[in-house]
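Undergrad: Protein chains in written order, with this note's numbering: chain A, 1 to 405; chain B, 1001 to 1405. Below you will find the structure I want to go over with you.
As structure tokens, this is what we get:
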């Protein structure tokens, strides 16, 4: 029941990146659940990870390996998160890297492991042993769509985005895939996202580009407020075919960064559109705060309110619940008589109370569609910020009550 | 589907307190929805209210009136919260006080108004005009049970508690009623609770007694993390029949305070047991923090996690979700390898990972009953704190998706 999310768009190959998948047996038989992303020698990666104290073993290992050198292989399994698994989990993640390194002919530290799925189950190594040869044999430049499907867990649709934009004298490709549907409230990066470009990008510029893109995309979404233990977003630059972006400012950097941001935004929105049980895609856009953080604080408080989320599910313009959520948001000295709320352009609240000309029918009509723009004006400053979220339905409860059974 | 909550216990009358109810027409016809609580001259009240910036009009008026003098009448209506109603809401709350004052023969400022129900609808005055004479005519010392029923909204059962304890040479009665089921995450006091004693209590002692009782009861519960605009808890001391408690310390104060706290705890737990859609009553008990606040921060993060709540609903000991919630709680520098989790006495997590001897069957068995004790040890300090919460079921979504329709 994904909201406004269709089939995958065309995902342009990125010279220097090849992807392969295999049915390794982490999930149900017949399901591609192992993905390998191979980066040509000379590629460079930047990555951001979950800030959850219980980060998963692969996150710890990937962070360590990124400090040592540039990755040649990203190995991703779906069906088991290798999180909450203690020292054995670290060992399993390292062993997975070793297996890929042996077959791929590189150092173990040049493999990054990623896992997604159930937390707390030991990560089996058999599927890596069985599946890696097939995944490596399957490596190809047009493997993005299969990889997008291979990393899915409770996702109902694969998620990908791709752009070609001019940078300097040349055309650059930026292509990315992501997975995620529940336990979505990133603070660093969400679930798993892999984005690549054929530009050659200097380390500082690559890092800054990723941080800017993530701040404007994955760090603006929430499905259920639950931050994952496995969140990771990787940006790879292969330098094959694209121009060199050497500075972390200037027109070339901005052009590349704009494209990466756009791809990340599409992927982040796709995660919310495919949020567990989602029937509405909601933009919470908060204006008039004293700082952007204040605006985001209000937006997240509204977006996490179970009462607001169930009202959206019901298509009920229950603005009282929105007011109540704003009233408990982290804003010091809020003057409620300045607060205004519009819902898909319909003026609902003025001066902290129901607008004089508001009619319930107009609010209900504005709520009827699947795309909702909730605009909140705090009337106390000149800053604005926004996030994307979805509603809370029976289906969310069903999915998460039945997840392991 | 309230969890472990039966019929009202015997509610001992409190000399000096009379209660009356009426079918005023705020809610469906035939439903008692207007309650008047009359306090004899010489009674003294303390009260705490919501810290929501969008506090309801009656909260503003009740706060103002408490500054002026001691209340004679508390007027409570169910079905309309008079919240988000702007200046007209204040006027309506004052008018309600006026109507009661005229008929009760006192100053308007000696009436406290309380409202609960739908937010954002104008509070009609007709039902007060029609219902107040009947409610005042109905005033009686044994009116507690009817009053407990009269203040209900989405509650499925009335909530009351009553104790008689020795204070000094005499026996003191403490009786209270409360309502609340959704939008429950008090920061001051929850929804509506009215507690009375026949002690004579000095102002400072009364205030301190209420604050201590609320800290140990209503400020430890959460159903859905949504803080109400109307929360209020009033403690009245009539001085009729009970001894005088003049100091805010010493054995008499402690005896009274213990009884008030116990009544408030029973009422607070009753609210969670009757939480919207609740099928489990869960104590989240956090040990080994560096401060009590740290322990509460972990407890609330776990209690608000939709993934943890749906797992409890499913009876699924999905400890990975509990770990993930602990990992994003506001604890600086948490060493996850020290974390331990027990569930109804079954050891589940040791050293931040699944305990060696844990078996899924034992976890499932521990989750099967309606009462869950979730014990989390952080292993970094000597403080402990705990809260009470419930699970998240289909029924919660249904109730809140259909509330206004």
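Ideal placement from N, C-alpha and C gives every residue a C-beta, glycine not left out.
Please go through the region 318-371 of chain A and give each complete beta strand (DSSP E) segment of 3 or more residues, from N-terminal end onward.
TA: Listed in chain order, the complete beta strand (DSSP E) runs (minimum 3 residues) inside the region 318-371 of chain A are 340-343 and 346-350.
Undergrad: Below 8 Å on the Cβ atoms is my contact criterion, and I expect residue 1334/B with residue 53/A to pass it. Report the Cβ-Cβ distance as a whole number of Å.
TA: Indeed, because the Cβ distance is near 4 Å, the residues count as touching under 8 Å.
Undergrad: Apart from the five residues just before and just after residue 308/A, which ones in its own chain have a Cβ nearer than 8 Å to its Cβ?
TA: Excluding sequence neighbours, residue 308/A sits near 302, 318, 321, 322 and 325.
Undergrad: Quick one: what does DSSP say residue 1052/B is sitting in, helix, strand or coil?
TA: Coil at residue 1052/B, not helix or strand.
Undergrad: Can you name, in chain order, every residue of its own chain whose Cβ lies under 8 Å from the Cβ of residue 1145/B, other than the five neighbours on each side?
TA: Taken in chain order, the residues that qualify are 1008, 1011, 1158 and 1160.
Undergrad: Can you check whether the C-beta of residue 119/A is within less than 9 Å of a C-beta belonging to chain B?
TA: So yes, residue 119/A belongs to the interface.
Undergrad: Terminal residues of the continuous alpha helix (DSSP H) containing residue 20/A?
TA: Unbroken run through residue 20/A is the beta strand (DSSP E), 17-22; no alpha helix (DSSP H).
Undergrad: Excluding five sequence neighbours on each side, which residues of the same chain lie with their C-beta closer than 6 Å to the C-beta of residue 1285/B?
TA: Correct list, in chain order: 1375 and 1386.
Undergrad: Taking the C-alpha atoms as reference points, what is the distance between residue 15/A and residue 240/A?
TA: Near 6 Å, if we compare the C-alpha coordinates of residue 240/A and residue 15/A.
Undergrad: When you compare the CB of residue 54/A with every CB in chain B, is at least one pair closer than 9 Å?
TA: Closer than 9 Å: yes.
Undergrad: Just list the beta strand (DSSP E) runs in the region 1200-1282 of chain B, keeping only unbroken ones of 3 residues or longer that don't cross its boundaries, in chain order.
TA: With a minimum length of 3 residues, the continuous beta strand (DSSP E) runs that stay inside the region 1200-1282 of chain B are 1232-1237.
Undergrad: Which residue's Cα is closest to the Cα of residue 143/A: 166/A, 175/A, 121/A and 120/A?
TA: Comparing Cα-Cα distances from residue 143/A to each of 166/A, 175/A, 121/A and 120/A, the minimum goes to 175/A.
Undergrad: For residue 1082/B and residue 368/A, what's the separation of their Cα atoms in angstroms?
TA: Whole-angstrom Cα-Cα distance: 27 Å.
Undergrad: Within 10 angstroms of the Cβ of residue 371/A, are there 16 or more other Cβ atoms? Answer buried if so, exposed if not.
TA: It is exposed - the Cβ of residue 371/A has fewer than 16 other Cβ atoms within 10 Å.
Undergrad: State the start and end residues of the unbroken alpha helix (DSSP H) segment that holds residue 1064/B.
TA: Residues 1057-1068.
Undergrad: Is it buried or exposed, residue 1030/B, if we count other Cβ atoms within 10 angstroms and call 16 or more buried?
TA: Exposed.
Undergrad: Assuming residue 1163/B is part of the beta strand (DSSP E), what are its boundary residues?
TA: That run of the beta strand (DSSP E) goes 1159-1167.
Undergrad: If the cut is a Cβ gap below 9 Å, which residues of chain A does residue 1313/B touch?
TA: 397, 400 and 401, listed in chain order.
Undergrad: Cβ closer than 9 Å: which chain B residues qualify as neighbours of residue 353/A?
TA: Those are 1084, 1085, 1086, 1087, 1088, 1089 and 1120, listed as they occur along chain B.
Undergrad: Spell out the partners DSSP gives residue 1287/B in its beta bridges.
TA: 1377/B and 1384/B.
Undergrad: Find the residues of chain B that neighbour residue 319/A, judging by a C-beta separation of less than 9 Å, and give them in chain order.
TA: Within 9 Å Cβ-Cβ: 1084, 1119 and 1120.
Undergrad: Am I right that residue 93/A and residue 57/A are in contact with their C-beta atoms under 8 Å? What's the rounded C-beta distance?
TA: About 4 Å; that satisfies the 8 Å criterion.
Undergrad: So, are the CB atoms of residue 344/A and residue 366/A less than 9 Å apart?
TA: Yes; because the gap between Cβ atoms is below 9 Å, this pair is in contact.
Undergrad: Are the region 260-271 of chain A and the region 199-217 of chain A touching by the rule of at least three beta carbon pairs closer than 8 Å?
TA: Yes: the two stretches touch, three or more of their Cβ pairs being nearer than 8 Å.
Undergrad: Identify each residue in the region 1240-1267 of chain B for which the Cβ-Cβ distance to at least one residue of chain A is less than 8 Å, and report them in chain order.
TA: Hits within the stretch: zero.
Undergrad: Which residues in chain A sit within 7 Å of residue 1327/B, going by Cβ to Cβ distance?
TA: The answer, in chain order, is 52, 53, 54 and 229.
Undergrad: Counting Cβ pairs, one atom from each stretch, are 3 or more of them under 8 Å apart for the region 1067-1086 of chain B and the region 1105-1125 of chain B?
TA: They touch, by the three-pair rule.
Undergrad: Could you tell me the boundaries of the beta strand (DSSP E) in which residue 175/A lies?
TA: 170-179 is the span of the beta strand (DSSP E), which, as asked, contains residue 175/A.
Undergrad: Beta strand (DSSP E) containing residue 113/A: first to last residue?
TA: Unbroken beta strand (DSSP E) run through residue 113/A: 111-118.
Undergrad: Suppose you measure from the CA of residue 1354/B to the CA of residue 1360/B; what does that come to, to the nearest Å?
TA: Their backbone Cα atoms lie some 10 Å apart in a straight line.
Undergrad: Between residue 112/A and residue 36/A, which are expected to be in contact by the criterion C-beta below 8 Å, what is the C-beta distance as a whole number of angstroms?
TA: At roughly 11 Å, the Cβ-Cβ gap does not stay under 8 Å, so residue 112/A and residue 36/A are not in contact.
Undergrad: Give the C-beta separation of residue 1003/B and residue 1220/B to the nearest angstrom, bearing in mind that I take them to be a contact with Cβ-Cβ under 8 Å.
TA: In fact, because the Cβ distance is near 16 Å, the residues do not count as touching under 8 Å.
Undergrad: Give me the Cα-Cα distance between residue 1245/B and residue 1199/B, rounded to the nearest whole angstrom.
TA: Near 7 Å, if we compare the C-alpha coordinates of residue 1199/B and residue 1245/B.
Undergrad: Does the distance from the CB of residue 1358/B to the CB of residue 1288/B come in under 9 Å?
TA: The answer is no: Cβ separation not under 9 Å.
Undergrad: Would you mind sorting residue 1204/B into buried or exposed? The rule is 16 or more other CB atoms within 10 Å of its CB.
TA: That one is exposed.
Undergrad: Return the first residue and the last residue of the beta strand (DSSP E) that residue 1005/B is part of.
TA: Neither: residue 1005/B is in no beta strand (DSSP E) and is coded neither H nor E.
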